[in-house]
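A short worksheet on the structure shown next.
In my numbering, the protein residues as written are 191 to 327.
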């Protein structure tokens, strides 16, 4: 089944509902979101006006840059909407980037283990399972 970033919100949720496992669901959500959106250090500073919370349906309407917090809003909504995850499976965490910038990532409980998920950092080569911290981003 396609994991195109051009799917509607409901099509994406339906796709994730049909994942064979929690891990497949998480990886599909990660792939969809990181194809549709990206993180960027400079835009984190110059697009501060986009930092404030908006409904996930509103965020879904565009592609391109997202703040780490908005990336995580979308991931949380997709995972919960899939029915494969509960609130208790998702933990929001913070790290400090470049010694001054707060950065949000998530820890996802997956079959008895915890996986770090940092969608924003993928554009800096940080792979699934790791997160940006210090000067590592």
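Ideal Cβ positions, reconstructed from N, Cα and C, are used throughout, including at glycine.
Would you say the segment 304 to 320 touches the segment 266 to 276, given that touching needs at least three Cβ pairs under 8 Å?
-> no
message: For residue 293, tell me which candidate among 299, 305 and 262 has the shortest Cα-Cα distance.
response: 262
Considering Cα atoms alone, identify which of 214, 198 and 200 is closest to residue 301.
214
Rounding to the nearest angstrom, what Cα-Cα distance links residue 255 and residue 228 in this structure? 5 Å
Name, in chain order, the residues that DSSP records as bridge partners for residue 292. 286
| query | Which value, in whole angstroms, describes the spacing of the CA atoms of residue 224 and residue 308? | reply | 10 Å
Exercise. Exposed or buried, what is residue 304 when buried is set at 16 or more other beta-carbons lying within 10 Å of its beta-carbon?
Worked result: Residue 304 is exposed by the Cβ-count criterion.
- Query: What are the boundary residues of the beta strand (DSSP E) that includes residue 316?
  - Reply: No beta strand (DSSP E) holds residue 316; DSSP gives it neither H nor E.
| Close beta carbons around residue 311, own chain, < 7 Å, minus the five adjacent residues each side | 229, 321, 322 and 327
Practice prompt. Kindly list the residues whose CB is nearer than 7 Å to the CB of residue 233, restricted to its own chain and excluding five residues on each side of it in sequence; keep chain order.
Written response: 255
Does the beta-carbon of residue 219 have 16 or more other beta-carbons within 10 angstroms, so that it is buried, or is it exposed?
buried
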